[in-house]
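Colleague: In the order they appear, the protein sequences are chains A and B. Sequential numbering of the first sequence, starting at -14, is according to my numbering. Sequential numbering of the second sequence, starting at 80, is according to my numbering.
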Amino acid sequence: MPISRRSFIIGSTAVAAAGGLVLYNLRPRTPAKPVFQPAPSVAAQRVRYNDFSDIWREKWTWDKVVKGTHTRANCISACSWDVYVKDGIAWREEQAAIYAPHRPDVPDFNPRGCQKGACYTQLQLAESRVTHPLKRVGERGEGKWKRVSWDEALTDIADRIIDAAIEQGTESVIFDDGTTNAGYGPESAGDMRFAQALQTTRIDSWAGVSDMPMGAVQTWGLYNSEGTADDWFLSDYIVVWVGNPSYTRIPDMHFMHEARYRGAKLVVIAPDYSPSAIHSDLWLNVKPETDAALGLACAQVMIEEKLFKPEYVLEQTDLPFLVRTDNQHFLRQSDVERGGADNALYLWDEVRNAIVVAPGCEGDGDEGRSLALGDIRPALSGRFEVKLADGSSVEVETVFDKLRAQLDAAYRPEQAAAITGLHPDTIRTFARQMAAARRSMIFASWGACKHYHSDLFQRAMMLLMALTGNQGYQGGGVRIAAWWGMDGLDAIASQSALTMMEKLQIIPKAIRGLTPRDYEKVFMGMSERESIVPLMVFLYVHAGYREMWDEQHLQDPALPRHLREYVRESLDRGWMKVYPPEDRSPKVYIFTGCNPLRRWPAAQIAREKLWPKLDLVVSVNFRMSTSTMYADYVLPVAGYYEKYGIKYGQTYVPYIICSDKATEPPGEAKSDWETFGLLSKYVAERAKARGVSEVRGFHDEPLDLRTVYDRHTQNGKSDPTDPEDPVKLMDAIFANSPSVGANSGREALDMGAVPVIGTGRPSLIYQNYSEYDNDDTHWPHRDFVEKKVAWPTLTGRQQFYLDHPWYLEGGESLPVHKDPPLASSEFPLRVYGGHNRWSIHAIWRDLKLMLQLERGQPVCFMNPRDCEPRGIADGDMVRVHNNRGEFECMVKVAAATAPGEVIVYHAWEPYQFKQWKGPTEPIEAPWKALHLAGGYSQLHYRMFYGAPSHVPRGAAVEVTRA
Amino acid sequence: MPGIKRQMAMVMDLNKCIGCQTCTVACKTLWTASEGMEHMFFNTVNTQPGEGTPRGWEAMGGGFPGGEAQLGKLPAIGEFGDAWKYNHEEVFYGGKGQDVHLGVQGEAPKWGPNWDEDQGGGEFPNSFFFYLPRLCNHCTHPACKEACPRGAIEKREADGVVVVNEDRCRGYRHCMEACPYKKIYFNHVSQVSQKCIFCFPRLEQGVAPACARQCPGRVRFVGYRDDQDAPIWKLVDKWKVALPLHPEFGTEPNVFYVPPSAPARFDADGRIDESKPRIPDEYLVSLFGERVLEALQTLADERAKAARGERSELMDLLIAYRWQDMFGGFDRDPQTIKWVEA
């Protein structure tokens, strides 16, 4: 995931400004760092050949062992490996397996790792490896290349960047790291500094890779919600909902299975009998796209049978909030008092028998800091008359009553059965078990955001975890993802994130203690100061996708207006931004690691409409991807074991994993840090040589191209051409990160797995709002339930009612079930999928060893009931097609696949298909207009946080024998 | 056990196996990466029910069914699945654009070591499958050893590991016919039979086999068969929940499996139906023998006990709170070994 320099800064500036004052929940604990002691080595004799058995013994010998990991694979796991080096080659890797347990009664994390990590040594030297700068000499995508020197490549690239900047400003230079290339160390610092020094447009792909849990943003105002994976072991009822952790959480899955052995139940909700369902106690074969209906039916059961926890609901949710029955908006202070705040909302207090402003809501008069109810006893249910400022009266009711009425009207299990295909008894059993368990959790694989109405699924899941009082507790709640904070990551950036004004503004707040709301505001300010554009908006405006997404069959029939009107309104109001501006064109596209022509929906559109607009396409990669084949230049970077790096740290394991340099890169490949440093350097030098100085930068402010490299290096503080420079950068990162146990870059590299020993200063982008304690498992959102910190939403609660006008007109003010637009398509089958077992994204997809363990080529899974009438047999080649596009692959006829589904797992390279027509060609990924909403507390765009989702699931197709 | 001092053994918990094949890859990169070994996987994982690797191996014969040696079929390389060749160079640098795509060159592949992955059996929604990892069973009564006219198959005295003496092997491949589990491969370059060596060079240094030590699912227990303080003996002999695969083959395997359970099945109306299991009993009996039903009952009873908050030694063993405790003392961290010249 992309880590913004700016997000690192928030915490540090705030704490610096506060001058060490006690900040409630936000002050990092800083225990002393232990000194690292490597495990003592044991001498063992190499053998001389005596008999056959010594051949085997000789195979298992090595010259040295170096710690490594797969820093830029964008795998959410982080696993420390020992890289065994033999004869100057990284020969083989084996898990380091040095993780300590949190508690005696909880299993340890060892050994972690997966089969991809276990053969990266092969991928690093495979056929797809790029070792020299290449220049295209044929047509794009033709595969005609010329090997050129770095100097020749960089000179030409720099000149063409300068040309574009002169013509249309630097916003016409697009930099895209997908999310594939993020790291916590020097491997990401280079491209981040390059993009910022040059003020390029940056693509925000977080939602573009379909990983933006919008339902969480809508409900909680945040989406980071995970702890350490061993916390799952302490759950009594684990629900895997829209996910396949047996493929995607290989290092962590054992905790779920081990939890079963201590008596927990494992439930898997999936249309297909998925590889994760096989070890469950209950599998719910819900019909695709109907998960919200299942969740809401469970809520109906819990409320009707009084299985919910009223105290939790009254304090932690908006269900007791008052809504006007005349206009369906929350009752606001501005309704009741002249000049009242429009973000002060009300509860009905049963003690006073009167309305009372809800503590913790955005406009509570105390900056919405604490949701503690004090002596207020909110009514959960009831209708009340309230006198308005104009003298009239209005009737109000609670969100709870609105919700209950809706559930009783439309989501009784019998009604949900007709939608979901599940038996009503099964739904009731599931709801009762979930409510009865001491602790229930929902594992929602990174939020499970790839369906059109994923946000509604998520809102339903969160509702269940709120009704049962699980969110914020050990072994409980909806689990999505979270990150470890490392304060020293400031060093990655080249410049300060906060303006002087912001620093001045934050001091008084910091003295009182910063809240999630404060971080949100700071983060928004930073999001406004860079030309960063959500991918879907970029594709709509600049890449030719407007025509497709505007088509009638991709519109949500429940919305009164057409997508184009929502887009227009959102752009005009500034809720969404687009760079370069609508009247200009992208000219240069530089991407690293990511593979847009593999990932983007109906990628043929980008090839046909966007690519011709680009004067220059540069791929910075270690391997030949499909998108790289369509580049003008390929700059070869070092493999993961050939450079220094810090893997981004998701919280599954309480360690920061570092990667040492095991060998030098082959050929002329260079580290990312050096490569992007050189790009900045050449731009500056060519600008000087050509006499170019100021061009239009961000928002057309003047930008001096001659000083790009000075900005990149902080006026010479770093020297990307020095091979050891990355270690110096890591020194700065670790020395300034009290929350992790390494003192320097070198020590961290020797450790491989650097233990987390405390809580980093918060950042909106990481924060799970729980302190880390290494004597216990770690779980999210403790601060809200234990310290009564207000959630960063309008209501200061987990908010299930959204009175944004768009949500009201779209019928989504409360969580509901809606069919996606393609439900009514004439094409009978639906394409589903998920991350695959055999590759991290496309990176391992063409590796022979991995292909050998599949069928050697792309496949789809189909049920026999769909195959027989079509005359399709196992192993047949088929054409998967609709009016948008098509691709061909081999069929696996599988009893485990649900009828009606065509399962195509993630990330085959288009060049593995006939005519390079990859599996996204028929994927139209209709766009949910409500995600463009803004201007409402938690509903608005901020980078990496709350953007319209790419929703590839459920494409409507037909399948015929090829 | 005749002729050997001790016997190494392995127990694999099929309720924890997620089919990720890290074991397969760990073994592959360590032992079978060289020429002539491209198609070999000493360790495989297959989706059951399925035809497995080599294709249809369970019906190929061999071993001692009913106590008598049976002549088995010699599996062909195509039945294991050959190491396919690809046209990366042509696609990336051939200048042919979209007219060529990356794919297997030569004859279209018809089978591979994991060809029927995740397909399963039964009828939706009562489909079922599970993963079955396999390696050489290092049998107490190895059919391969008995079948070799050269005496080239040895059972190591120290640990009972069955190895092919490649100095003696002449490539007759009678071992491949005789092994009822079909876990022996033929090296067409060096013209010898090759198979899992239970990582004996690692055992000699106190390190668990790669497939076990590298298993992220924490599926595999390793140790001496008779070590009463370690998990193997407890799971196999004390709790009797770990069973050999196809005991009727008569070779007395030293690899054992904790049999799998599965989620509840549905009746015709879609209600949860607990009157019978999703994985048919007869299917599990066909794999693990009659004792499998008793083992499943023991597992269910002990799990219920744990759910009531009572202590269960069996559940604690299977949880494996400390990963290193799974390896019966073979728990040295290999990176601490520093090789010195002899």
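C-beta atoms are modelled at their ideal positions from N, C-alpha and C, and glycine is treated no differently.
#1: Check whether the Cβ atoms of residue 333 of chain B and residue 297 of chain B lie closer than 8 Å to each other.
#2: Based on the DSSP secondary-structure assignment, which residues constitute the bridge partners of residue 866 of chain A?
#3: Ignore the nearest five residues each way along the sequence and tell me which others in residue 129 of chain B's own chain have a CB closer than 6 Å to its CB.
#4: Can we say the stretch 567 to 576 of chain A touches the stretch 103 to 110 of chain A, given the rule of at least three CB pairs closer than 8 Å?
#5: Relative to the alpha-carbon of residue 412 of chain B, which residue among B:230, B:281 and B:157 has its alpha-carbon at the smallest distance?
#6: Could you check if residue 700 of chain A is buried or exposed, using at least 16 other CB atoms within 10 Å of its CB as the buried criterion?
#7: Quick one, which of B:350, B:108 and B:230 has its alpha-carbon nearest residue 69 of chain A's?
#8: For the 8 Å Cβ check, are there 3 or more pairs between the stretch 253 to 268 of chain A and the stretch 389 to 404 of chain A?
#9: Does the distance from the C-beta atom of residue 895 of chain A to that of residue 531 of chain A stay below 8 Å?
#10: Counting only C-beta atoms, is residue 34 of chain A closer than 8 Å to chain B at any point?
#11: Which two residues bound the contiguous beta strand (DSSP E) that contains residue 618 of chain A?
#12: For a quick check, are the C-beta atoms of residue 947 of chain A and residue 873 of chain A less than 8 Å apart?
#13: Flag this pair as yes or no: are the beta carbons of residue 465 of chain A and residue 198 of chain A separated by less than 8 Å?
#14: Below 8 Å between beta carbons: does that hold for residue 124 of chain B and residue 106 of chain B?
#15: Inspect the beta-carbon positions of residue 397 of chain B and residue 246 of chain A and report whether they are closer than 8 Å.
#16: Are the stretch 863 to 878 of chain A and the stretch 839 to 852 of chain A in contact at 8 Å, needing three or more beta carbon pairs?
#17: Sort out for me which residues DSSP pairs residue 418 of chain B with in a bridge.
#18: Can the beta-carbon of residue 615 of chain A be found less than 8 Å from the beta-carbon of residue 125 of chain A?
#19: Please list the segments of the beta strand (DSSP E) lying wholly inside the stretch 643 to 690 of chain A, counting only runs of 3 or more residues, in order along the chain.
#20: Interface residues of chain A around residue 410 of chain B at Cβ under 7 Å?
#21: Let me know the secondary structure DSSP gives residue 604 of chain A once reduced to three states.
#22: Give the secondary structure of residue 245 of chain B by DSSP, where H, G and I count as helix, E and B as strand, and everything else as coil.
#23: Within 8 Å (strictly less), CB to CB, does residue 947 of chain A reach chain B?
#24: Output yes if chain B places a C-beta closer than 8 Å to the C-beta of residue 267 of chain A; else output no.
#25: Is there at least one Cβ from chain D nearer than 8 Å to residue 95 of chain A's Cβ?
#26: For residue 868 of chain A, would you say it is in contact with chain B, using Cβ-to-Cβ distances shorter than 8 Å as the test?
#27: Going by Cα to Cα distance, which pick from A:850, A:914 and A:94 is closest to residue 522 of chain A?
#28: Between which residues of its own chain and residue 778 of chain A is the CB-CB distance below 7 Å, once the five residues before and five after are set aside?
#29: Closer than 8 Å, CB to CB, is residue 618 of chain A near chain B or not?
#30: In or out: residue 803 of chain A buried (at least 16 other Cβ within 10 Å) or exposed?
#31: Strictly below 8 Å CB to CB, what residues from chain A border residue 348 of chain B?
#32: Nearest by alpha-carbon distance to residue 423 of chain B: which of B:89, B:118 and B:97 is it?
#33: Assign residue 726 of chain A to one of three DSSP states: helix, strand, or coil.
#34: Looking at the structure shown, is residue 889 of chain A part of a helix, part of a strand, or coil, going by DSSP?
#35: Grab me the residues of residue 191 of chain B's own chain with a C-beta within less than 7 Å of its C-beta, minus the 5 sequence neighbours each way, in chain order.
#36: The alpha helix (DSSP H) that contains residue 60 of chain A, what's its start and end?
Modeller: For this structure:
#1: Counted from its first residue, the second sequence places residue 333 of chain B at position 254. Counted from its first residue, the second sequence places residue 297 of chain B at position 218. No; because the gap between Cβ atoms is not below 8 Å, this pair is not in contact.
#2: The residue given as residue 866 of chain A occupies position 881 in the first sequence. In the DSSP output, where bridge partners are listed per residue, residue 866 of chain A has A:871 and A:943.
#3: For the purposes of this step, residue 129 of chain B is taken as residue 50 along the second sequence, with counting starting at 1. Here the set comprises 195.
#4: no
#5: Locating residue 412 of chain B in the second sequence gives position 333, where the first residue counts as 1. Taking only the C-alpha atoms, the option nearest residue 412 of chain B is B:281.
#6: By one-based count along the first sequence, residue 700 of chain A stands at place 715. Under this definition residue 700 of chain A is an exposed residue.
#7: Start at 1 with the first residue of the first sequence, and residue 69 of chain A comes out as number 84. Considering only alpha carbons, the answer is B:108.
#8: no
#9: In the first sequence, residue 895 of chain A corresponds to position 910, counting from 1. In the first sequence, residue 531 of chain A corresponds to position 546, counting from 1. Not in contact: residue 895 of chain A and residue 531 of chain A (Cβ atoms no closer than 8 Å).
#10: The residue given as residue 34 of chain A occupies position 49 in the first sequence. No, because no Cβ of chain B sits closer than 8 Å to the Cβ of residue 34 of chain A.
#11: Along the first sequence, one-based indexing puts residue 618 of chain A at 633. Element bounds for residue 618 of chain A: 618 to 621.
#12: Along the first sequence, one-based indexing puts residue 947 of chain A at 962. Along the first sequence, one-based indexing puts residue 873 of chain A at 888. Cβ atoms of residue 947 of chain A and residue 873 of chain A: closer than 8 Å.
#13: Within the first sequence, numbered from 1, the residue matching residue 465 of chain A stands at position 480. Within the first sequence, numbered from 1, the residue matching residue 198 of chain A stands at position 213. Their beta carbons are under 8 Å apart, which means residue 465 of chain A touches residue 198 of chain A by this criterion.
#14: Working through the second sequence from its first residue, we reach residue 124 of chain B at position 45. Working through the second sequence from its first residue, we reach residue 106 of chain B at position 27. No.
#15: Sequence index remark: in the second sequence, residue 397 of chain B carries index 318 (1-based). Sequence index remark: in the first sequence, residue 246 of chain A carries index 261 (1-based). For residue 397 of chain B and residue 246 of chain A, yes; Cβs fall inside 8 Å.
#16: yes
#17: Translated into positions along the second sequence, residue 418 of chain B becomes position 339. Answer is A:29.
#18: To locate residue 615 of chain A, count along the first sequence from 1; it is residue 630. To locate residue 125 of chain A, count along the first sequence from 1; it is residue 140. Going by C-beta atoms, residue 615 of chain A is nearer than 8 Å to residue 125 of chain A.
#19: 679 to 681 and 687 to 689
#20: Taking the first residue of the second sequence as 1, we reach residue 410 of chain B at position 331. Per Cβ cutoff of 7 Å: no residues; residue 410 of chain B is ~10 Å from chain A at best.
#21: By one-based count along the first sequence, residue 604 of chain A stands at place 619. Three-state DSSP puts residue 604 of chain A in a strand.
#22: Translated into the one-based positions of the second sequence, residue 245 of chain B becomes position 166. Of the three classes helix, strand and coil, the one that applies to residue 245 of chain B here is coil, per DSSP.
#23: Here residue 947 of chain A refers to the residue found at position 962 when the first sequence is read from its first residue. So, not an interface residue.
#24: The residue labelled residue 267 of chain A in the question sits at position 282 within the first sequence. True, the Cβ-Cβ gap to chain B drops below 8 Å.
#25: Absence of chain D from the displayed structure is noted, the protein chains being A and B.
#26: Taking the first residue of the first sequence as 1, we reach residue 868 of chain A at position 883. For residue 868 of chain A, the answer is no, since every Cβ of chain B falls outside 8 Å of its Cβ.
#27: For the purposes of this step, residue 522 of chain A is taken as residue 537 along the first sequence, with counting starting at 1. Minimum Cα distance to residue 522 of chain A is reached at A:914.
#28: Stepping through the first sequence from its first residue, residue 778 of chain A is reached at position 793. Excluding sequence neighbours, residue 778 of chain A sits near 205, 206, 784, 922 and 923.
#29: The count along the first sequence starts at 1 and reaches residue 618 of chain A at position 633. So no, residue 618 of chain A is outside the interface.
#30: For this step, residue 803 of chain A is matched to residue 818 along the first sequence. Buried.
#31: As a first step, residue 348 of chain B is located in the second sequence; it is residue number 269 there, counting from the start. Ordered by position in chain A, the residues that pass the 8 Å Cβ test against residue 348 of chain B are 408.
#32: Because chain B spans 80 through 421 in this model, residue 423 of chain B falls outside it and cannot be assessed.
#33: By one-based count along the first sequence, residue 726 of chain A stands at place 741. Coil at residue 726 of chain A, not helix or strand.
#34: Along the first sequence, read from residue 1 onward, the residue named residue 889 of chain A stands at position 904. Note: residue 889 of chain A maps to coil in three-state DSSP.
#35: Translated into positions along the second sequence, residue 191 of chain B becomes position 112. Only 160 meet the Cβ criterion.
#36: To locate residue 60 of chain A, count along the first sequence from 1; it is residue 75. No alpha helix (DSSP H) holds residue 60 of chain A; DSSP gives it neither H nor E.
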